Amino acid sequence: KAVLDAIRDALRENGYLPILFDFDKPATKDITSTVETLARLSRFIIADLSNPSSIPHELASVVPFLRTVPVQPIILASEREYSMFVDFRNAYHWVLATHRYSDTTDLLAAFKEKVIEPAEKKARELTGR
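Note that the working numbering has the sequence shown beginning at 14, numbered continuously upward.
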């Protein structure tokens, strides 16, 4: 949770309005539908693959269908991507190279250059801007 909070704060500091997919189930929709709706509104998605729980399902629900929303994966350097993640990178060019970080301080030190800028560059490329 501390990493997600740090990402949210760093995005705000860079002029973005972050939405974290770490909430309770909405009363009127299932979680997958909510994630899909929010992903469609996003400029880009930052997906922390560290200790994955629901992220494989969430990515499977949005990556194949959102060709103009880049996905910037990040992961703790001490962990490995979940086994099927390589399929996303191989099949969808809007899934970027995974940025590895050793801790929250390390992630924040390179956040703009290694996370935001590649995602923004791909977003501009995908939307033709």
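C-beta: ideal position from N, C-alpha, C; glycine also.
Only a predicted model underlies this, so the values are computations on that prediction, with no experimental measurement involved.
Cβ-based burial, residue i [other Cβ within 10 Å; buried from 16]
i    : result
P83  : buried
H112 : buried
K134 : exposed
L62  : buried
V99  : exposed
L72  : buried
L120 : buried
A132 : buried
Within 9 Å, strictly: CB atoms of residue i and residue j
i    : j    : result
P86  : A60  : yes
V16  : T117 : yes
S68  : Y95  : Contrary to the premise, residue 68 reads as Ile rather than Ser in this sequence. Yes, the pair counts as a contact, with Cβ atoms nearer than the cut-off.
A136 : R56  : yes
L54  : I20  : no
T45  : S74  : yes
L139 : R80  : yes
D125 : A52  : Checking the displayed sequence, the identity of residue 125 turns out to be Lys instead of Asp. Cβ distance not < 9 Å, so K125 and A52 don't count as in contact.
S115 : L89  : yes
According to DSSP, residues forming a beta bridge with residue i
i    : result
R113 : I88
V108 : V84
Start and end residues, alpha helix (DSSP H) containing residue i
i    : result
L79  : From DSSP, L79 is part of no alpha helix (DSSP H); its letter is neither H nor E.
R137 : E130 to T140
Please give the ranges of any alpha helix (DSSP H) in the segment 20-71, keeping only runs that are unbroken, at least 4 residues long and fully inside the region. 44-53
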